[in-house]
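Read through the structure below, which is laid out as structure tokens, and then see the notes.
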Amino acid sequence: MDQVHSAGAPGIANADEATRATRKKFYDDKLTPNSMAPLWEVLGNVVTREPRVTTKPVIWHWDKTRPLLMEAGALLTAEEAERRVLVLENPAYVGESRATNTLYGGIQLVLPGEVAPAHRHTQSALRFVLESKGGYTAVGGEKATMMPGDFVITPSWSFHDHGNDTDGPIIWMDVLDVPMLTFFEAGFSEHHNDKTQALARPEGDALARFGNTMLPIDAEKPYGELNSPVFNYPYTRTRAALLATAAGAPADPHWSHTMKFVNPINGGWAISTIASWMMYLPKGASTQKMRSTDGMIVAVAEGSGTAYAGDAKMEFGAKDSFVIPNWTWRHFTAKEDTFLFFSSDRGVQERMGIWREERA
Ligand code: GTQ
């Protein structure tokens, strides 16, 4: 076993004190002043045998999240806040607005009569609706009504505003690729001139044109090649598809019944930087252990059960959110019929050719 015991290359471990001192003098006197450093002293940090995972498993329970969000709702308006969101902060990254190493997560509240004003940014976003009687998000000149379980995307640089014309709160999970864009130092944003964007098409237009197993004869790519032109995926359809596939084929040992949200232009993930999919676990089901290099943010659409991530055991109920860290063994059990929404950076890793998984 070529176990690496320190950050340095194994070959330098046995040098005597005098040799080390001579080397150190060389580093300090000659390398540091010239903005250089000896790789052999840090090689074990540069190339690790396995991923060094910093992200921690963590769960946010709805019965705690919702009252806190409502309390925030009494403290400031959506307009004051621009986005009234409680950030899902991973305890491994306090103050960094990160739920996983690469993804931001948050829970957003829009109260009756409120508008979260139109803006756009190079960060891509997705919404997974937790509570709603019919608020909306407008993207690219079209409104999508948001009902519980609906999945809505706002691709990079598309204007989006959220509104609530119902008599109840609307609450959803936001996932954005913020930490990725920060890493690339490629973040831009701007406000729209108007509080809400002008609508150019009737509601349901994108779904009609792109979401019916057909595409317009002349290629239209409103959000480019890598983002789905279908910007809203209603839960009624998602749920029906999962139940129908479950009726037609046995559960996969590792994935139970899982389907991904796709971009009909190229069959890829719906958002260029954030992969998303849904797992249906029938009552009493459990999955086999697996792990992959993508860390995940999960929202519970319906049901209850237990999520295992490494040594962590997370009991979840409806509308809870939790994190499965990258390269950590995971499996799930369901106490009742359960529908889980997942998001991760898998699509990015796949296109870079570095994504890996392992199944027990
Ligand atoms: O709805 O546009 O949670 O811009 C964070 C940043 C939501 C949004 C967030 C955002 C949004």
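Heads up: the sequence shown begins at 946 in my numbering, then just goes up one per residue. A virtual CB, placed ideally from N, CA and C, is assigned to each residue, including glycine. Quantities reported herein were computed from a predicted structural model and do not represent experimental measurements.
* Asked: histidine 1276 and serine 1237: beta carbons closer than 8 Å?
  -> no
* Asked: Considering only the beta carbon of each residue, do lysine 1205 and tryptophan 1222 sit closer than 8 Å?
  -> yes
* State the Cα-Cα distance for the pair histidine 950 and alanine 963, rounded to the nearest angstrom. => Confidence at histidine 950 is low in this model, with a pLDDT of 48, below 50, so its placement is unreliable and the value that follows should be read with caution. Each residue's alpha carbon lies about 21 Å from the other.
* Quick one: what does DSSP say asparagine 1177 is sitting in, helix, strand or coil? -> strand
* Asked: Quick one, which of Thr1082, Ala952 and Lys1078 has its alpha-carbon nearest alanine 1070's?
  -> Thr1082
* To do: Could you pull out every residue in the same chain whose Cβ sits closer than 6 Å to the Cβ of lysine 1078, ignoring the five residues on either side in sequence?
  => Thr1111 and Gly1113
* **Per-residue DSSP class, three states only, for leucine 1187** => helix
* To do: Note down the Cα distance separating glycine 953 from tryptophan 1300, rounded to an integer number of angstroms.
  => 27 Å
* Where the beta strand (DSSP E) through glutamine 1053 begins and ends -> 1049-1055
* Buried versus exposed call for phenylalanine 1176 [16 or more other C-beta atoms within 10 Å across all chains shown] -> buried
* Residues of its chain near arginine 1146, where Cβ-Cβ distance is below 7 Å and the 5 sequence neighbours each way are ignored -> Gly1086 and Glu1087
* Spatial neighbours of arginine 1214 in its chain, beta-carbon cut-off 6 Å, leaving aside the 5 residues before and after -> Looking at the sequence itself, residue 1214 is tryptophan, so the reference to arginine does not match. Cβ neighbours of tryptophan 1214 beyond the five flanking positions: Ala1220 and Gly1292.
* Asked: Counting along the chain, where does the alpha helix (DSSP H) carrying proline 1124 start and finish?
  -> 1123-1129
* Do valine 1243 and threonine 1000 have their C-beta atoms closer together than 8 Å? -> no
* Which whole-angstrom value is the C-beta distance of aspartate 1106 and proline 1062, which I expect to be below 8 Å? -> 6 Å
* Do you know offhand how far isoleucine 1098's Cα is from glutamate 1302's? -> 26 Å
* Give every residue of the same chain whose Cβ lies closer than 7 Å to the Cβ of arginine 1028, excluding the five residues on either side of it in the sequence, and list them in chain order. => Gln1053 and Ala1061
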